[in-house]
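First the structure, in the form of structure tokens, and then the observations on it.
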Amino acid sequence: MKILITGGAGYVGSRVVSHLLSQGHQVRVLDRLLYGGEALLPLTAMPIFELQVGDVRNRDAMLQAMQGTDAVIHLAGIVGEPACNVDKEFSWSINHGAVANLLEVASEVGVGRLIFVSTCSNYGVAEPNAAVDEDAPLNPISDYARAKVLAEGDVLRVNAIPTVTVLRLGTICGLSARMRFDLLVNEMAREAVLGRPVDIFAPEAWRPYLHIDDAAAVMGHVLKADPALVTRRVFNVVGENHQKTSLLAIAREVLPEIQASIVQRKPDLRDYRVSGDRIVKTLGFRPSRTVADAFREVAAAVKAGFFRDPDWAGYSAIPIGGFSAQ
Ligand SMILES: NC(=O)c1ccc[n+]([C@@H]2O[C@H](COP(=O)([O-])OP(=O)(O)OC[C@H]3O[C@@H](n4cnc5c(N)ncnc54)[C@H](O)[C@@H]3O)[C@@H](O)[C@H]2O)c1
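Numbering of the sequence shown is given in the working numbering, commencing with residue 268 and proceeding in unit increments.
Shown next, in the form of structure tokens:
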């Protein structure tokens, strides 16, 4: 299959690209390289890989990128509330605005399949005693999630693309060539290795997690699925749900050196447990990696010296210098 991956130079995207190439797909990436493109450098010599540097808001760039592709995976975005708050207009123009461009061009070019990558943050605050499924009401409490909810609606309404699927991923953890240490599990593993204390806020808040390998694997799985099972459908993709206290218990087991304290003062408004049953039952996709695996792998990489400066500010969803520098 010829696949276009927008945002393919990112934390999740670069892992998705490598996974799909390893499955023999031809992959083109459209990315503005807000965080650089080092993650893709090892792939540039492969004849089945192509990078187009450009913006998903630009119609000509999209048109060029989609030529000849069978499927599109849309990952490009400004990710998470802190990054979106840096420049709200800029992030809205990408996280929601660019989706109109994506759908228009994909319909015009005749793309057969589209996977829109969304987030479990869309559930916001939910009844903590039960896991929400895909039919639960959405309660986005940040501009990041509000833009994703609107974009999902646009994607699911489009008729000109035969197979459109929305995947709501849990919070990702694990290693990537475009590393992010602003994600809780990765940050905890780094701090444990560097011998620094970690403050855990809102310890009772539930959150769904997904190992980055499973985030990559699910894309390949959905692309191969019977279109009748996936079109105009939403799937949660979740490995484990944890309160921060249970996350800390795992960390203490895997990384006994971790020094962490529970801090009650800063509330976390996001509190939700998410069911990933639909994708298991409908497509037989069951995440196979764990949060414990991510703790182990990230800690081992930091310990081994893979990151020259693990404190580098660029390992974040906010680029150095903010978005005005872009
Ligand atoms: N990381 C998570 O925990 C998580 C969880 C759920 C869903 N997601 C979704 O996965 C996707 C990727 O997240 P990530 O963590 O890899 O983020 P990331 O910031 O590492 O990657 C985003 C990529 O998109 C590119 N990009 C941004 N704006 C662009 C534009 N206008 N034109 C072209 N490229 C642009 C960036 O250059 C970057 O390479 C996002 O859609 C995000 O909402 C991520």
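Glycine included, each C-beta is placed from N, C-alpha and C at the ideal position.
- Item | In chain order, each beta strand (DSSP E) run of at least 3 residues that lies wholly inside the segment 447-492 | 465-468, 473-478
- What are the residues that DSSP puts in a beta bridge with alanine 338? Ile270, Arg380
- Item | Integer-rounded CB distance, given that leucine 434 should sit under 8 Å from isoleucine 479 | So it is not a contact: roughly 14 Å between Cβ atoms.
- Message: Give me, in chain order, the residues of the same chain whose beta-carbon lies closer than 6 Å to that of alanine 492; leave out the 5 immediate sequence neighbours on both sides.
- Response: Leu550
- Message: Can you tell me whether leucine 301 sits near ligand 1, meaning its C-beta is under 6 Å from at least one heavy atom of the ligand?
- Response: yes
- Message: Does the structure place the segment 428-444 close enough to the segment 366-383 that three or more beta carbon pairs sit under 8 Å?
- Response: yes
- Message: Out of Ala398, Glu394, Asn396, Gly437, which one is the CA nearest neighbour of alanine 412?
- Response: The candidate whose alpha carbon is nearest that of alanine 412 is Gly437.
- Item | Coil, strand or helix - valine 353 by DSSP | helix
- Query: When the Cβ atoms of the segment 498-511 are set against those of the segment 580-591, are three or more pairs found closer than 8 Å?
  - Reply: Proximity of the segment 498-511 to the segment 580-591 falls short of the contact definition, fewer than three beta-carbon pairs being nearer than 8 Å.
- DSSP puts threonine 498 in a beta bridge; with which residues? DSSP output for threonine 498 lists no bridge partner at all.
- Distance between alanine 332 and glycine 420 (C-alpha atoms, nearest Å): 24 Å
- Message: Could you check whether the Cβ of alanine 561 sits closer than 6 Å to any heavy atom belonging to ligand 1?
- Response: Outside the cutoff, so no.
- Message: I'd like the ranges of any beta strand (DSSP E) spanning at least 3 consecutive residues and lying wholly in the segment 378-433.
- Response: 380-386
- Item | Cross-strand partners of alanine 527 (DSSP beta bridge) | Val465
- Message: Please identify the residue among Phe316, Pro309, Gly275 whose C-alpha is closest to the C-alpha of valine 267.
- Response: The chain is shown from 268 up to 593; residue 267 falls before or after that span and cannot be answered.
- Message: I'd like to know whether the C-beta atoms of leucine 514 and alanine 527 end up nearer to each other than 7 Å.
- Response: no
- Message: Taking 6 Å as the cut-off, is the C-beta of tyrosine 278 nearer than that to any heavy atom in ligand 3?
- Response: Within the structure as shown, ligand 3 is missing, the only ligands being ligand 1.
- Message: Out of Met446, Arg499, Pro470, Arg519, which one is the CA nearest neighbour of phenylalanine 574?
- Response: Met446
- Message: Please list the terminal residues of the continuous alpha helix (DSSP H) segment that includes isoleucine 546.
- Response: Element bounds for isoleucine 546: 544-550.
- Message: Starting from glutamine 331, trace the beta strand (DSSP E) in both directions and tell me its first and last residue.
- Response: Note, glutamine 331: premise wrong, no beta strand (DSSP E); alpha helix (DSSP H) at 326-333.
- Item | Alpha carbon of leucine 522 to alpha carbon of leucine 442, nearest angstrom | Here the alpha carbon of leucine 522 sits roughly 16 Å from the alpha carbon of leucine 442.
- Run the CB neighbour count on lysine 587, radius 10 Å, all protein chains shown included, and call it buried at 16 or more, exposed below. The question names lysine, yet the displayed sequence has isoleucine at residue 587. Counting Cβ neighbours within 10 Å, isoleucine 587 comes out exposed, since fewer than 16 surround it.
- Query: Under 7 Å between the Cβ atoms of arginine 326 and asparagine 389?
  - Reply: no
- Beta-carbon gap between glutamine 681 and glutamate 471 smaller than 7 Å: The structure shown does not extend to residue 681, since the chain spans only 268 to 593, so no value can be given for it.
- Message: Closer than 6 Å to a non-hydrogen atom of ligand 1 - does that hold for the CB of alanine 343?
- Response: yes
- Item | glycine 321 to glutamate 305 span [Cα, whole Å] | Note on geometry: alpha-carbon atoms of glycine 321 and glutamate 305 lie some 16 Å from one another.
- Which residue from Pro554, Ala495, Arg299 puts its Cα closest to that of alanine 328? Arg299
- Item | Residue range of the alpha helix (DSSP H) that includes aspartate 560 | 558-571
- Rounded Cβ spacing between glutamine 290 and glycine 487 (contact assumed at less than 8 Å): 5 Å
- Query: Given tryptophan 473, which residues of its chain have a CB within under 8 Å of its CB, disregarding the five upstream and five downstream residues?
  - Reply: Pro395, Asn508, His509, Gln510, Asp538, Tyr539, Arg540
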